[in-house]
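A short write-up of the structure that comes next.
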Amino acid sequence: MNVYIASDHGGYQKKQQLIIQLQQQGYHVIDMGATTLLPTDDYPDYALTLGKKVIQDPTSRGILICGTGIGMSIACNKINGIRCAKVGDEQEASLARLHNDANVIALSGRKPEEQLYRFIEIFLTTDFSMAEWHQRRIAKIRAYEEQHEY
Ligand code: RB5
0 MNVYIASDHG
10 GYQKKQQLII
20 QLQQQGYHVI
30 DMGATTLLPT
40 DDYPDYALTL
50 GKKVIQDPTS
60 RGILICGTGI
70 GMSIACNKIN
80 GIRCAKVGDE
90 QEASLARLHN
100 DANVIALSGR
110 KPEEQLYRFI
120 EIFLTTDFSM
130 AEWHQRRIAK
140 IRAYEEQHEY
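Sequence positions in the sequence shown follow numbering that gives the first Met the number 0 and run 0 to 149.
In structure tokens form, the structure reads like this:
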């Protein structure tokens, strides 16, 4: 599975640390930037670029990190087919996959690295439940997106 990861300056240092941990665990990680710590960079640029990549590579997952995870999730969810969950604890990491079949998570760079790694690990190793009612709800989102293609 390809794992795309991106951050703005608010998540840059955590991104660099997490890439090393993920690679050590054998994940194929693709760094979508930022490539330097530049306080003038903007989270929508990274969130939109990563979201498009994940849509082009349907078996992949995405990880976004900014100061809070909020801006990244708002921006990435503008891409049709993206289900980006802003995750702040282990249960949310798990339910984002089980219930929402999230293909991207957005994290806060203010949280400790070990906590973020644990959220990512859960996100990458938990399967969608496939329950009929969860599939039905996701299908309604997809139907809306298909009617409002742009
Ligand atoms: C950048 O200053 C900050 O706004 C960003 O990292 C993020 O927290 C936005 O939601």
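A virtual CB, placed ideally from N, CA and C, is assigned to each residue, including glycine.
Please list, in chain order, all residues of the same chain as residue i whose beta carbon is under 7 Å from its beta carbon, the five residues on each side excluded.
i, result
"valine 28", "Val2, Ile4, Ile18, Leu21, Gln22"
"isoleucine 121", "Glu89, Ala92, Ser93"
"aspartate 30", "Ile4, Ile18"
"histidine 98", "Ser128, His133"
"tyrosine 42", "Asp7, Cys65, Gly70, Met71, Ala74"
"lysine 51", "Ile78"
Is the beta carbon of residue i sitting closer than 8 Å to the one on residue j?
i, j, result
"alanine 105", "leucine 63", "yes"
"serine 6", "alanine 33", "yes"
"glycine 108", "cysteine 75", "no"
"leucine 49", "histidine 8", "no"
"glutamate 80", "isoleucine 54", "Reading off the sequence shown, one finds glycine at residue 80, where the question assumed glutamate. Yes. Within cutoff."
"arginine 96", "threonine 125", "yes"
"methionine 129", "threonine 58", "no"
"asparagine 102", "arginine 60", "yes"
Going by C-alpha to C-alpha distance, which of the options sits closest to residue i?
i, options, result
"proline 38", "Gly25, Gln12, Cys75, Lys52", "Gln12"
"glutamine 114", "Ile137, Arg96, Val86", "Val86"
"cysteine 83", "Ile140, Leu36, His8", "Ile140"
"glutamate 148", "Arg135, Lys77, Arg136", "Lys77"
"glutamine 15", "Glu112, Asp40, Arg60", "Glu112"
"glutamine 24", "Ala142, Tyr116, Lys52, Tyr143", "Tyr116"
Pull up the DSSP beta-bridge partners for residue i, would you.
i, result
"leucine 97", "Looking at the DSSP assignment, leucine 97 forms no beta bridge with any residue, so it has no partner."
"aspartate 44", "Beta-bridge pairing links aspartate 44 to no other residue."
"leucine 49", "DSSP output for leucine 49 lists no bridge partner at all."
"valine 2", "Val28, Arg60"
"leucine 123", "None, per the DSSP bridge assignment."
Output needed for residue i: all residues of its chain with C-beta closer than 8 Å, excluding positions within five of it in sequence on either side, in chain order.
i, result
"isoleucine 119", "Leu17, Leu21, Ile62, Ala92, Ile104, Leu106"
"aspartate 88", "Phe118"
"aspartate 100", "Arg82, Phe127, His133, Ile137"
"aspartate 56", "Asn1, Tyr3"
Spatial neighbours of residue i within its chain, please: CB distance less than 6 Å, with the 5 preceding and 5 following residues excluded, ordered by chain position.
i, result
"tyrosine 26", "Val2"
"glycine 10", "Ile64, Cys65, Gly108"
Regarding residue i and the ligand MN, is the C-beta to nearest heavy atom distance less than 7 Å?
i, result
"lysine 139", "This structure simply doesn't include the ligand MN; it includes the ligand RB5 instead."
>> Please output, in chain order, the residues near the ligand RB5 using a CB cut-off of less than 6 Å to any non-hydrogen atom of the ligand.
In response: Asp7, Gly9, Tyr42, Cys65, Gly66, Thr67, Ile69, Gly70
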